[in-house]
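What follows is a single structure, written as structure tokens, with notes after it.
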Amino acid sequence: MAIHPSSRTSSRGFTFQDFIFVILVLFALVAVTYLGNEAYLDAMKTEMTKKNGEELASWLTESGTLRFKKDYAVNACAGGKPVAAPVKTDASTATPAEGEAVEKVEEAAAPEQPLAGTWGACFAYLMNEGEFKAMINPFTNEPPQFVAACNPADHTLAGQIVLEKLTATPPGSAVPIINSQLVDTDPIDQKLQLRLSVCDKGAYAIKIAEFEY
């Protein structure tokens with residue numbers, strides 16, 4: 018008698034393990050899509066930050082060739098003008114009542130305005146009245162700040178701008194150039210050698226340009 022082996026088929030349908038596998042695949046797709054979108058947005062923010070730096074460097078470079086002319090339109094950034102002396106109120110000769118009144122007026126006065134002939138006056142014009150009053154740090158959606166340096170340990174610096182003045186040292190010095198932050202009180206009546214950088218998402222410095230201003 019011939020014996021024929023019987024074939025056994027098993028059909029369990031869609032099991033709970035299959036359901037878990039599909040959920041994990043969908044979760045992975047969503048995570049990849051989300052992370053990819055975040056990476057794209059961060060890259061766009063970095064590009065916008067670089068564009069901010071490039072536009073500012075371009076304006077300062079062009080201004081550096083024009084600001085010593087007599088008819089230069091931006092008075093706050095004009096070269097050749099000595100720093101104005103600060104105006105001080107002398108209450109030493111006033112009567113006690115008058116001196117007290119002067120002191121109260123000084124306390125209630127608005128913050129000191131930057132002195133003419135300094136970077137502070139030029140910076141205030143650029144950010145409040147000039148071409149860059151609408152400039153935004155894409156990481157904070159606020160006006161960008163000028164900081165001393167980019168620091169990867171401080172991610173709040175993302176999108177900020179670093180503007181340094183480069184000062185040549187005497188011949189024979191071990192370090193040919195000293196760089197320091199261009200601050201509000203620095204005079205701009207003479208030519209300056211500047212370097213502009215921006216901070217990326219990780220607060221690492223991206224050098225934009227070196228130029229004469």
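Under the numbering used here, the first residue of the sequence shown carries the number 18, and numbering increases by one thereafter.
The C-beta atom is built at its ideal place from N, Cα and C for all residues, glycine as well.
DSSP three-state assignment for Val122, whether helix, strand or coil: Residue numbering aside, residue 122 sits at position 105 when the sequence shown is read from its first letter. A caution first: Val122 carries a pLDDT of 44, below 50, which makes its placement in the model unreliable, though a value can still be read off. In this structure, Val122 counts as helix in the three-state DSSP scheme.
Exposed or buried, what is Ile205 when buried is set at 16 or more other beta-carbons lying within 10 Å of its beta-carbon? Along the sequence shown, one-based indexing puts residue 205 at 188. Buried is the call here.
In whole angstroms, what separates the C-alpha of Val200 from that of Ala191? Taking the first residue of the sequence shown as position 1, residue 200 is located at position 183. Taking the first residue of the sequence shown as position 1, residue 191 is located at position 174. Roughly 25 Å between the two C-alpha positions.
Given Ala170 as reference, the closest of Gly219, Tyr230, Val100 once Cα atoms are compared: What you label residue 170 is simply residue 153 of the sequence shown in a count that begins at 1. Of the candidates Gly219, Tyr230, Val100, the one whose C-alpha sits nearest the C-alpha of Ala170 is Gly219.
So what does DSSP say about Ser75, is it helix, strand or coil? For the purposes of this step, residue 75 is taken as residue 58 along the sequence shown, with counting starting at 1. In the structure shown, Ser75 sits in a helix (DSSP, three-state: H, G or I).
For Glu229, which residues of its own chain have a beta-carbon under 8 Å away from its beta-carbon, when the five flanking residues on both sides are left out? As a working mapping, residue 229 is identified with position 212 in the sequence shown. Only Thr78, Gly81, Lys208, Leu209, Gln210, Leu211 meet the Cβ criterion.
When you compare the region 37 to 51 with the region 165 to 181, are there three or more beta-carbon pairs, one atom per stretch, that lie closer than 8 Å? no
Are the region 65 to 72 and the region 150 to 163 touching, with three or more C-beta to C-beta distances below 8 Å? yes
Grab the span of the alpha helix (DSSP H) containing Ala138 for me, first residue to last. On the sequence shown, residue 138 is found 121 positions in, with the first residue counted as 1. Its alpha helix (DSSP H) spans residues 136 to 145.
Going along the chain, which residues of its own chain have a beta-carbon closer than 7 Å to the beta-carbon of Tyr89, five neighbours each way excluded? For this step, residue 89 is matched to residue 72 along the sequence shown. For Tyr89, where only same-chain residues beyond five positions count, the Cβ hits under 7 Å are Leu83, Ala95.
Identify which residue in Ala226, Asp203, Glu146, Phe85 has its Cα closest to the Cα of Pro131. Taking the first residue of the sequence shown as position 1, residue 131 is located at position 114. Cα-wise, what sits closest to Pro131 is Asp203.
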